[in-house]
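One structure below.
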Amino acid sequence: MNTSSTVVLVVEDEPEIATQIARRLEAEGWQAHTVGDGLAGVSAAARLLPDLIVLDVMLPGIDGLEACRRIQAEATSAGRHVPPIMMLTARDDETDMLVGLGVGADDYMTKPFSMRELLARLKVLLRRVERSQAAPAGSGEAPLQLGDLTIDKAARRVRRAEEEAHLTPTEFDLLVCLASSPRTVLSRERLLAEVWDWADASGTRTVDSHIKALRRKLGSDLIRTVHGVGYALEPTQ
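Numbering (the working numbering), first residue to last: 430 to 666.
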């Protein structure tokens, strides 16, 4: 990982938090740029072409959810890579988290958070992008068919009952992990380790929220919850 060339855009209207994040990223050798409102974040994303974006939900001008939509739409229309987005929310509100994931954020953290954990989670997002870019195009692997669910790993596309579902990179990786062992219960800790490379069990709520986002996009019947243990993909017959 070439940290000296990693550019991170921090969109945060609280100057103290923005400064703390920027200093921690710069201590890692990354280039950090900060802006304080949603419209400035959209503009800066187009200008800087960052590798990662840290985006607060509550922002003046337009909020982080709308900023996320615009950043991704502009990058897609211009044929550019869409950078992974880490959402920050001030409230421990699962609705905010799910809406953030629904508009395409790759992960979220609730304030207050540790800078150590933020850095670790950003590195996971960056590694996922690097692995995706390094993967050979058109590996020739046939799409995975599980009942009415079709997963094309090479194209990173998912269809259920012939209807395409638009998943974030993290959601796609989580689905592939579950689909690799259909009808087998995978613990939250295992999913956290395999999908996020995050071994600290304190992040298991991240798994729960991404599972809920998958259910919203693919149907509530596809993933079974085993309370106190984890989740299993249950493809239709």
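For each residue, glycine too, the CB sits at the ideal point set by N, CA and C.
As the structure is a computational prediction, the values presented were derived from the model and not from experiment.
Take V532 and list the residues in its own chain whose beta-carbon comes closer than 7 Å to its own, dropping the five residues that flank it on each side. Here residue 532 is taken as the residue at index 103 of the sequence shown, counted from 1. L494, C497 and R498.
**Q.** Identified DSSP bridge partners for M404
**A.** Coverage of the chain is limited to positions 430 through 666, which leaves residue 404 absent and any answer about it impossible.
(Q) Please classify H595 as buried or exposed, where buried requires at least 16 other C-beta atoms within 10 Å of its C-beta. (A) Stepping through the sequence shown from its first residue, residue 595 is reached at position 166. Counting Cβ neighbours within 10 Å, H595 comes out exposed, since fewer than 16 surround it.
- [ ] Return the first residue and the last residue of the beta strand (DSSP E) that V605 is part of.
- [x] Start at 1 with the first residue of the sequence shown, and residue 605 comes out as number 176. No beta strand (DSSP E) holds V605; the alpha helix (DSSP H) holding it covers P598 to A608.
Environment of G458 [buried if 16+ CB atoms lie within 10 Å]:
Sequence index remark: in the sequence shown, residue 458 carries index 29 (1-based). Exposed, by the Cβ-count rule.
**Prompt:** Between which two residues does the alpha helix (DSSP H) containing T448 stretch?
**Reply:** Counting from 1 along the sequence shown, the entry for residue 448 is found at position 19. That run of the alpha helix (DSSP H) goes P444 to A456.
Between the CA atoms of R550 and W625 - distance to the nearest angstrom:
The residue given as residue 625 occupies position 196 in the sequence shown. The residue given as residue 550 occupies position 121 in the sequence shown. Each residue's alpha carbon lies about 8 Å from the other.
- request: Following the continuous beta strand (DSSP E) through V587, name the residue where it begins and the one where it ends.
  value: To locate residue 587, count along the sequence shown from 1; it is residue 158. Where V587 is concerned, the enclosing beta strand (DSSP E) stretches over R586 to R589.
- So does the segment 638–657 actually touch the segment 595–614, counting three or more Cβ pairs closer than 8 Å? Verdict: yes, contact present.
What separation, rounded to the nearest whole angstrom, lies between the Cα atoms of R589 and P572? Here residue 589 is taken as the residue at index 160 of the sequence shown, counted from 1. Here residue 572 is taken as the residue at index 143 of the sequence shown, counted from 1. Approximately 13 Å between the Cα atoms of the pair.
*With burial defined as no fewer than 16 other Cβ atoms inside 10 Å of the residue's Cβ, what is the status of D535: buried or exposed?*
Residue mapping note: residue 535 aligns to position 106 of the sequence shown, counting from 1. The residue in question, D535, is buried, as its Cβ has 16 or more Cβ neighbours within 10 Å.
#### Entry: Cα-Cα separation, L651 to L643
Counted from its first residue, the sequence shown places residue 651 at position 222. Counted from its first residue, the sequence shown places residue 643 at position 214. Going from the Cα of L651 to the Cα of L643 covers about 9 Å.
task: May I ask which residues mark the beginning and end of the beta strand (DSSP E) holding V532?
output: For the purposes of this step, residue 532 is taken as residue 103 along the sequence shown, with counting starting at 1. It is not in any beta strand (DSSP E) - V532 carries neither H nor E in the DSSP assignment.
Point to revise | Beta-carbon proximity of A473 to H462, cut-off 8 Å | key: The sequence position of residue 473 within the sequence shown is 44, counting from 1. The sequence position of residue 462 within the sequence shown is 33, counting from 1. Yes, the Cβ-Cβ distance between A473 and H462 is below 8 Å.
Say the cut is 7 Å; is the CB of G467 nearer than that to a heavy atom of the ligand COA? Although the ligand COA was asked about, the structure shown includes no ligands whatsoever.
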